[in-house]
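Residue numbers (my numbering): 27 to 274. All remarks here apply to the structure that follows.
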Ligand code: PEP
């Protein structure tokens with residue numbers, strides 16, 4: 027049985043006031059005990075979030091990390107630092123990092139290993155562009171991104187990651203993959219994992235991301251291989267995010 031996970035990626039949005047609003051809303055909110063809910067604010071808000079979320083079911087995530095634990099890397103943040111703020115999850119390979127900051131599979135993998143080294147759960151984001159989908163190479167692209175990491179991890183490490191399938195054409199566009207499109211790719215990822223280990227395939231948590239909102243979440247989350255969501259825009263409003271959590 028895979029525990030559903032809903033993660034809200036605030037990207038470069040939010041404020042201390044929004045952190046407080048989430049703290050207040052989720053202190054009062056009743057969520058099923060059987061789901062994990064993660065808020066992923068920008069770095070400067072982590073400490074305020076750590077305090078504001080103390081009496082809530084919300085866990086903390088970070089949007090990226092440097093592959094090194096410390097050193098001369100001006101402007102960067104390490105996994106070890108994130109741990110000091112009770113961060114439990116970290117995104118690696120988000121398409122905005124891949125596209126805007128030129129992080130390729132190798133850099134993504136280094137970050138993933140750095141996260142595992144310090145006990146953070148990495149959420150490995152993968153997904154195809156519209157051109158790649160139109161060219162019929164969705165599965166090739168997704169399995170290349172997944173496979174690059176999986177093939178290099180130790181068997182025990184493979185069990186400690188979460189994978190988010192986020193078609194690039196669906197992120198921030200309002201254009202969601204249909205439940206069938208998402209399910210098809212998720213099933214492909216899970217079948218691929220079975221090639222490594224059947225237990226891994228059964229336990230691996232797979233999230234869908236790309237314009238998930240309060241109206242489409244239930245249908246997406248009802249798919250057999252979709253275990254949760256990585257939510258961008260709709261994670262910035264307490265009511266919308268709460269409604270998505272309730273759909274899980
Ligand atoms: C994301 O940034 O991971 C994301 C899924 O964004 P949105 O929900 O806004 O498409």
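For every residue, glycine included, the Cβ atom is placed at its ideal position computed from N, Cα and C. Given the structure is predicted, the values throughout are model-derived calculations rather than measurements.
- Just so you know, the alpha carbons of residue 246 and residue 236 end up roughly 11 Å apart.
- Collapsing the DSSP output to three states places residue 58 in coil.
- DSSP, read as helix, strand or coil, puts residue 255 in strand.
- Burial is judged here by how many other beta carbons sit within 10 angstroms of a residue's own beta carbon; residue 27 has fewer than 16 and is exposed.
- For residue 31, the Cβ stays outside the 6 Å cut-off from all heavy atoms of ligand 1.
- Rounded to the nearest whole angstrom, the C-alpha separation of residue 222 and residue 228 is 11 Å.
- The Cβ atoms of residue 152 and residue 115 lie no closer than 7 Å to each other.
- Between residue 194 and residue 148, the gap from beta carbon to beta carbon reaches 7 Å or more.
- The alpha helix (DSSP H) runs of length 4 or more contained entirely in the segment 36 to 98 are, from start to end of the chain, 42 to 54 and 72 to 78.
- By the criterion of at least three beta-carbon pairs nearer than 8 Å, the segment 178 to 186 is not in contact with the segment 150 to 167.
- By the neighbour-count definition (other C-beta atoms within 10 Å, threshold 16), residue 224 is an exposed residue.
- For residue 205, the uninterrupted alpha helix (DSSP H) segment begins and ends at 205 to 220.
- Under the three-state reduction of DSSP output, residue 31 falls in the strand class.
- If you compare the alpha carbons of 242, 244 and 212 with that of residue 233, the shortest gap goes to 212.
- Residue 271 is positioned such that its CB atom lies closer than 7 Å to that of residue 57.
- Not one heavy atom of ligand 1 lies closer than 6 Å to the C-beta of residue 247.
- Taking one beta carbon from each stretch, the segment 199 to 211 and the segment 122 to 140 have fewer than 3 pairs nearer than 8 Å; the two do not touch.
- Bridge pairing for residue 118: 150 [DSSP].
- Between the C-alpha atoms of residue 100 and residue 253 there is a straight-line separation of about 37 Å.
- The DSSP-derived three-state label of residue 105 is helix.
- Within the same chain, Cβ atoms closer than 8 Å to the Cβ of residue 47 are found at 264, the five residues on either side in sequence being excluded.
- Per the DSSP secondary-structure output, residue 189 pairs in a beta bridge with 150 and 232.
- In this structure, the beta-carbon distance from residue 191 to residue 131 does not fall below 7 Å.
- Relative to the Cα of residue 76, the nearest Cα in the group 50, 38 and 250 belongs to 50.
- DSSP places residue 144 in the coil class of the three-state scheme, outside both helix and strand.
- With a cutoff of 6 Å, residue 87 does not count as near ligand 1, since its C-beta is closer than that to no heavy atom of the ligand.
- Around the CB of residue 95, fewer than 16 other CB atoms lie within 10 Å, so the residue is classed as exposed.
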